[in-house]
Amino acid sequence: MTGIISIVDNSNPVNVQFFGAETLYFVISKKFDEILESVENSDELKTFFLQKLSSSAHSLAHSVLNKLSAGLALFILKCLPDIWNDPISELQLFWSCQIELLLRVLAEISTEFHHLNVSLDHRQSIKTELQKSTKEIVKLVQQVLGDNDLSCSIRNAAVECIEGWLKLPGANLLDFLSVFDALFNNISNDYMGLTRILDTIKSNDELRNLPRLLWQLISALTQIILPQILMELDFSQIGSEQLMEKMEDLTPLICTIVEFAHEYAKNIVDFVCKNFHEPLVVEVYS
Numbered sequence: 012m013t014g015i016i017s018i019v020d021n022s023n024p025v026n027v028q029f030f031g032a033e034t035l036y037f038v039i040s041k042k043f044d045e046i047l048e049s050v051e052n053s054d055e056l057k058t059f060f061l062q063k064l065s066s067s068a069h070s071l072a073h074s075v076l077n078k079l080s081a082g083l084a085l086f087i088l089k090c091l092p093d094i095w096n097d098p099i100s101e102l103q104l105f106w107s108c109q110i111e112l113l114l115r116v117l118a119e120i121s122t123e124f125h126h127l128n129v130s131l132d133h134r135q136s137i138k139t140e141l142q143k144s145t146k147e148i149v150k151l152v153q154q155v156l157g158d159n160d161l162s163c164s165i166r167n168a169a170v171e172c173i174e175g176w177l178k179l180p181g182a183n184l185l186d187f188l189s190v191f192d193a194l195f196n197n198i199s200n201d202y203m204g205l206t207r208i209l210d211t212i213k214s215n216d217e218l219r220n221l222p223r224l225l226w227q228l229i230s231a232l233t234q235i236i237l238p239q240i241l242m243e244l245d246f247s248q249i250g251s252e253q254l255m256e257k258m259e260d261l262t263p264l265i266c267t268i269v270e271f272a273h274e275y276a277k278n279i280v281d282f283v284c285k286n287f288h289e290p291l292v293v294e295v296y297s
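Final position of the sequence shown in our numbering is 297; the numbers increase by one with none missing.
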């Protein structure tokens, strides 16, 4: 492993570093059994990824950083559940002062799960371990979004992280309940982020069986997101050229909202009919 790792050294040209990162990813993906033949190999890889990303994330080329993050994510998944116990908690401690890096790697973990080439039993074991960590991820993102001085890049990383974990097979929407308000309040002007999150939620079959959560989403749409859209499209305040630019940004979100309303119209009406005296319903219609 030492020879491959040396290729990713900062002194090498970017294309050489990327080749090294790509090779590491390939070895982890296709030859992981060979890595496990020696404890030193797995320990060396773990140490390399953590130290390299910690020290160089700010200076690495974007392509190299992305491939190393994906490599670490794949390595973590392959090590679950026995070789690397509770890696999510360990990463949170290790990168407590590098939140954006932490969020990016956590997002990569959810992405790489879909590309895993392992036995069905191992895949199920990995999925079970990830599900155990979901509440930790939700709590982390909720804390991050609660920061009033949040940078755009960290906010985007938080959105991508939650989006990825929502897409994991068997994701329980109730585990994400506490973060939805924080999401919709803090990304109300991030139209692409809103579109992706709303599209991911509405695609979850579990939503039909969760009327309270469905109503929480309706409340966010009517009280936070739609007023923001109307404000952006104030014809009296903007010219036609600027309006066209805004429409390009807003059209995907508006389409997703319309699809959401159409798909869940019956469920929404049923909930209102059964709970029309409740404050949460009155608040939306008042």
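Don't be surprised by glycine CBs; every beta carbon is placed ideally from N, CA and C.
Keep in mind it's a predicted model, so treat the numbers as computed, not measured.
{"Check": "Classification of residue 168 by the beta-carbon crowding that lies within 10 angstroms, buried from 16 upward", "Outcome": "buried"}
{"Check": "Entirely enclosed alpha helix (DSSP H) segments - the stretch 118-193, minimum 4 residues", "Outcome": "131-156 and 163-177"}
{"Check": "Residue 42 in three-state terms, based on DSSP", "Outcome": "coil"}
{"Check": "Start and end residues, alpha helix (DSSP H) containing residue 226", "Outcome": "222-231"}
{"Check": "Distance, residue 155 Cα to residue 164 Cα", "Outcome": "12 Å"}
{"Check": "Minimum C-alpha distance to residue 148 - residue among 115, 126 and 55", "Outcome": "115"}
{"Check": "Distance, residue 251 Cα to residue 185 Cα", "Outcome": "43 Å"}
{"Check": "Nearest candidate by alpha-carbon position, reference residue 265, set 201, 30, 182 and 174", "Outcome": "201"}
{"Check": "Whole-number beta carbon distance between residue 99 and residue 144, since they are thought to touch under 8 Å", "Outcome": "4 Å"}
{"Check": "Among 189, 123 and 203, the one whose alpha carbon lies nearest that of residue 267", "Outcome": "203"}
{"Check": "Sufficient close CB pairs (3 or more, under 8 Å) joining the stretch 187-198 to the stretch 126-137", "Outcome": "no"}
{"Check": "Below-9 Å beta-carbon distance, residue 116 vs any chain C residue", "Outcome": "In the displayed structure, chain C is absent; only one protein chain is listed."}
{"Check": "Sufficient close CB pairs (3 or more, under 8 Å) joining the stretch 77-86 to the stretch 115-129", "Outcome": "yes"}
{"Check": "Residue of 60, 240, 34 and 209 minimising C-alpha distance to residue 271", "Outcome": "209"}
{"Check": "Buried/exposed call for residue 181, threshold 16 Cβ in 10 Å", "Outcome": "exposed"}
{"Check": "Cβ neighbours of residue 139 in the same chain (closer than 8 Å, five flanking residues each side left out)", "Outcome": "92"}
{"Check": "Length of the line joining the Cα atoms of residue 88 and residue 42", "Outcome": "14 Å"}
{"Check": "Of the listed residues 274, 278, 239 and 206, nearest to residue 263 (C-alpha basis)", "Outcome": "206"}
{"Check": "CB of residue 112 within 9 Å of CB of residue 64, strictly", "Outcome": "yes"}
{"Check": "With 16 other Cβ atoms within 10 Å as the buried cut-off, status of residue 220", "Outcome": "exposed"}
{"Check": "Whole alpha helix (DSSP H) elements within the stretch 258-291, 4-residue minimum", "Outcome": "276-286"}
{"Check": "Test item: CB-CB of residue 137 and residue 151 under 9 Å", "Outcome": "no"}
{"Check": "Buried versus exposed call for residue 32 [16 or more other C-beta atoms within 10 Å across all chains shown]", "Outcome": "buried"}
{"Check": "Element boundaries [alpha helix (DSSP H), containing residue 51]", "Outcome": "50-67"}
{"Check": "Terminal residues of the alpha helix (DSSP H) in which residue 81 lies", "Outcome": "73-90"}
{"Check": "Classification of residue 62 by the beta-carbon crowding that lies within 10 angstroms, buried from 16 upward", "Outcome": "exposed"}
{"Check": "Same chain only: Cβ atoms within 6 Å of residue 197, ignoring 5 sequence neighbours per side", "Outcome": "156"}
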